[in-house]
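Asks: Using my numbering, you'd call the opening residue of the sequence shown number 1 and step up by one each time.
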Amino acid sequence: MKLLFDLLQQFGVSGQEYQTSEFLMQYISKRKYEWNVLPDVFSGETFHDCIILKFGNPRTALFAHIDTIGFMSRYENQLVAIGGPEIIPNTELVGRDGLGDIICKLKVHEDSLFHDFPRKIERGTRLAFNQNIRMTGDFIQAAYLDNRLGIYSALKVCEELEDGWVIFSTYEETGGGSVPFLLKFIQENSPITQALISDITWVTEGVRPGEGVVISIRDKFIPRKRFLDRIIKLAESSAIPFQLEVEEYGGSDGREVQFSPYAIDWCFIGAPEEHVHSPNEKVALVDLEAMIQMHSFLIKNL
1 MKLLFDLLQQ
11 FGVSGQEYQT
21 SEFLMQYISK
31 RKYEWNVLPD
41 VFSGETFHDC
51 IILKFGNPRT
61 ALFAHIDTIG
71 FMSRYENQLV
81 AIGGPEIIPN
91 TELVGRDGLG
101 DIICKLKVHE
111 DSLFHDFPRK
121 IERGTRLAFN
131 QNIRMTGDFI
141 QAAYLDNRLG
151 IYSALKVCEE
161 LEDGWVIFST
171 YEETGGGSVP
181 FLLKFIQENS
191 PITQALISDI
201 TWVTEGVRPG
211 EGVVISIRDK
221 FIPRKRFLDR
231 IIKLAESSAI
241 PFQLEVEEYG
251 GSDGREVQFS
261 PYAIDWCFIG
271 APEEHVHSPN
281 EKVALVDLEA
291 MIQMHSFLIK
301 NL
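Here it is as structure tokens:
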């Protein structure tokens, strides 16, 4: 699992994904020759910090966002949340500005956020949770399993994928923004009509750790039932453990696929985690393995 551990060390707060993107490009450039099919790779300034891989003749696209939640320095010692991080006083934060490395703690006063770094932090500096990876029994626990596990799953799918798009997108934690231009590129070059979302969901009263990957029937947004029925029927034939999720809230890159001008079906499929958007996100390893297997199985058989 060295790849996953390396991914968890990458800085990638929304809007500053370039370090994660550079790591992915280095990994892809080295490993793509070992995969079953050598993909076409699209990246660079035209795609901002996103990466697109084209394998063979795609029927399906697999999306994984590479950004994380975090914080941004404001004025004096103030911080502003990026995305929806769990606000836990005294949580350790890290980052870097023009004056050097930063390690500080999150402070809360009268519903406002601050840091305790002994000097001013340059305005607009992004801070992330300090990473602490723990393997405890059958679980992995760390910051940013959302969505480093989604990236990891997508990269594992790449190893045996023959036909499909694999897309590493940005901005998802702050409402999206990259998927529309990525879809435009895909539809102009090798169009598809279906998409899978490689992301992380929640443990709830109906979704349990250790009981398989989650196929989401709905979050805040609702995929088309005819497509979901195909997904579920295939999943039932796969012998891969899975759970069905019905939630009222939450979202993913699936939202932007649904809101796009293209008739593309989509479905969110990901492992459930506890302690969402905190430094202590926790996922069962068997659920991660089921996630990889299900993405690989579905993208081959849809």
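Quick reminder that beta carbons are idealized off the backbone N, C-alpha and C, glycines included.
1. What does the alpha-carbon distance come out to for the pair K233 and G210?
2. Give the DSSP-derived three-state secondary structure of P180 in the structure shown.
3. With DSSP as the reference, identify every bridge partner of C104, one or two as the case may be.
4. For the beta strand (DSSP E) containing A81, name the first residue and the last one.
5. Using a Cβ-Cβ cut-off of 8 angstroms (strictly less than) and excluding sequence neighbours within five positions of I192, which residues of its own chain qualify?
6. Do you know whose CA, among I133, S153, L79, Q131, lies nearest I121's CA?
7. Bridge partners for H65 per DSSP, in chain order?
8. CA-CA distance, S190 and K105?
9. Assuming the contact rule is C-beta atoms closer than 8 angstroms, F168 and C267 should be a hit. Round their C-beta distance to whole Å, please.
10. Less than 7 angstroms between C-beta atoms, sequence neighbours within five positions excluded: which residues of the same chain meet that for E256?
11. Give me whichever residues DSSP pairs with M1 in a beta bridge.
12. Residues in the same chain with beta-carbon distance under 7 angstroms from L182, minus the five sequence neighbours each way, listed in chain order, please.
13. Which full runs of the beta strand (DSSP E) of 3+ residues lie inside the region 213-295, going along the chain?
14. Confirm the yes/no value for this check: CB of P180, any heavy atom of the ligand ZN, distance under 8 angstroms.
15. Which residue's Cα is closest to the Cα of D116: I103, T125, R230?
16. In three-state terms, what does DSSP make of T193?
17. Would the beta-carbon of I140 fall within 9 angstroms of that of L3?
18. Taking the beta strand (DSSP E) that L38 belongs to, which residues open and close that run?
19. Hey, how far is the Cα of V276 from the Cα of I66?
20. Alpha carbon to alpha carbon, how far is Y33 from G70? Give it in angstroms, no decimals.
21. Which one of V283, M72, P272, E173 has the shortest CA to CA distance from A142?
22. Leaving aside the five residues before and after K107 along the sequence, list all residues of the same chain whose C-beta is less than 6 angstroms from its C-beta, in chain order.
23. If you pair each beta-carbon of the region 84-92 with each one of the region 221-240, do three or more pairs fall below 8 angstroms?
24. Exposed or buried, what is F11 when buried is set at 16 or more other beta-carbons lying within 10 Å of its beta-carbon?
25. Beta-carbon separation of F55 and P39 under 9 angstroms?
26. Considering only their Cβ atoms, is the gap separating I200 from N147 smaller than 9 angstroms?
Replies: In this structure, then:
1. 21 angstroms
2. helix
3. L93
4. 78-82
5. P58, R59, T60, A61, W165, I186, I264
6. L79
7. S169
8. 47 angstroms
9. So it is not a contact: roughly 19 angstroms between Cβ atoms.
10. G176, V179, P180
11. DSSP lists no partner for M1.
12. C50, I52, I167, S169
13. Within the region 213-295, the complete beta strand (DSSP E) runs of at least 3 residues fall at 213-218, 242-246, 265-270, 281-284.
14. In the structure shown, the ligand ZN is absent, as is every other ligand, since no ligand is present at all.
15. I103
16. coil
17. no
18. Segment: none, L38 is in no beta strand (DSSP E) and carries neither H nor E.
19. 16 angstroms
20. 35 angstroms
21. V283
22. F114, D116
23. no
24. buried
25. yes
26. yes
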